[in-house]
Amino acid sequence: MIKSLRPLFAFALIAAGPSGDDQATLIVRGLLQQDTAVATIGYRLATANVDLCVEHMVESGMLIETLAQYGAAFRPAARQVLGLSNGPTVALIVAGSPADRAGLKPGDVLVDADGTPFAAPPPDSPDGRFTGVEAAMTALDAALADGKARLTVDRNGQRLTIDLTGIAACKARFQLVPGGYADAVANGTWVQLSTRMAGFATTPDELAAILAHELAHNALGHRKAKAKIQRLHELQADRLMPYLMARAGFDPGAAVTLWRRFRVQRLGGLFPSATHPQWSDRVRAVETERTRIAGLVSRGDTLVPPDDLKSR
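The numbering of the sequence shown is the numbering used here, which starts it at 1 and goes up by one.
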């Protein structure tokens, strides 16, 4: 957890005054590429580590967006690239996820879940509003609470009924937040990282390390605490991170590489403070658990973290 959870920023804030539609389209396409990476890696981490998490949810494997998230200059590009409308729209589908298997497609507009309509924001919604998307996510979570939901979607003007069966996952909504400040946070429900932080990762394994560290906070039930306790929480998250990564098929060694690069770069929000341990301590914590994981793998044992890193 890096500092406190900030307010959700609008996609309208990612750039000031684009020179034209081409630039806006490139920006939206770039966001989609990063969104897809975050959603895919987050899905793998959350579904592979259910038994290590305090709280659970039923995951679908789709990202919902609306035009209201975007500033006026970016809305034409969002319509073109993502097929967004005023209503909650499927922006992307994680390959192999329940949403993919059910036949949902990017551009599908969510009409209702189990007969309860999704609320649509008015067409004159102010730029950068996230409330409509959050409401749609909450409604979908509620419909999927029993594992299944019958969705009505609008696909190119045609109403379709789709039966969606979710999968158990750690409670976490992974979200990319546009911004030039390198940051990543978790608050028990959300796992968020800035576009700059996502761009700092050079490989999927490194991006998995960032997301796994934040997911570890959720998995362990960490909440905002006094500085001394928060430092302990950071080391616990660093230690649990390689297990979450390895169990989801990522290389825990990438976490060490990334943490060492953070130390050199000293990006905003990432250097040691009253609430965060020294980087040498954090690297040592990861290396210790990485060595233990290697031993478990060599013996063919299950990748189970030490007792003090298990949720209670």
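We put the CB at the ideal spot given by N, CA and C, even for glycine. Since we're looking at a predicted model, the values are computed, not measured.
query                                                                                                         : result
Sub-8 Å separation of L258 and A201 beta-carbons                                                              : yes
DSSP bridge partner residues for E287 (one or two, in chain order)                                            : Its beta-bridge partners do not exist; DSSP assigns none.
Opposing strand residues paired with V28 [DSSP bridges]                                                       : Paired residues: none, contrary to the question.
Per DSSP, the bridge partner or partners of H222                                                              : H222 is not bridged to any residue.
C-alpha distance - Y181 paired with L220, whole-angstrom precision                                            : 26 Å
A248 in three-state terms, based on DSSP                                                                      : coil
Cβ contact (3+ pairs, closer than 8 Å) linking the region 20-37 and the region 161-172                        : no
Rounded distance between the beta-carbons of L235 and P204, thought under 8 Å                                 : Actually they are not in contact, since the Cβ atoms of P204 and L235 sit about 25 Å apart, beyond 8 Å.
Residue interval of the alpha helix (DSSP H) (run including V81)                                              : R75 to L82
Delimiting residues of the beta strand (DSSP E) encompassing V264                                             : Where V264 is concerned, there is no enclosing beta strand (DSSP E), although the alpha helix (DSSP H) it sits in stretches over G253 to Q265.
Status (buried if at least 16 other CB within 10 Å, exposed otherwise) for V264                               : exposed
Extent of the continuous beta strand (DSSP E) to which E134 belongs                                           : Element bounds for E134: not the beta strand (DSSP E) but the alpha helix (DSSP H), T131 to A143.
Delimiting residues of the alpha helix (DSSP H) encompassing D100                                             : P98 to A102
L52: CB within 7 Å of a non-hydrogen atom of the ligand FMN                                                   : Questions concerning the ligand FMN fall outside what the structure shown contains, since it holds no ligand whatsoever.
Cα-Cα separation, A285 to Q23                                                                                 : 43 Å
Three-pair Cβ contact test at 8 Å for the region 110-117 versus the region 72-83                              : no
Whole-angstrom distance between W279 and C79, CA atom to CA atom                                              : Cys is not the amino acid found at residue 79; the sequence shown has Arg there. So the alpha carbons of these two residues sit roughly 43 Å apart.
DSSP state of G268 mapped onto helix, strand, coil                                                            : Its pLDDT being 46, under 50, G268 is placed unreliably by the model, and nothing is read from it.
Beta-carbon spacing of I93, A208 below 8 Å                                                                    : no
Per DSSP, cross-strand counterpart(s) of S280                                                                 : Answer is none; S280 lacks a bridge partner.
Segment contact, 8 Å Cβ cut-off, at least three pairs: the region 283-300 with the region 221-231             : no
4-residue-minimum alpha helix (DSSP H) runs that sit fully inside the region 169-224, ordered along the chain : 195-200 and 204-219
Simplified DSSP state of D146, which is helix, strand or coil                                                 : helix
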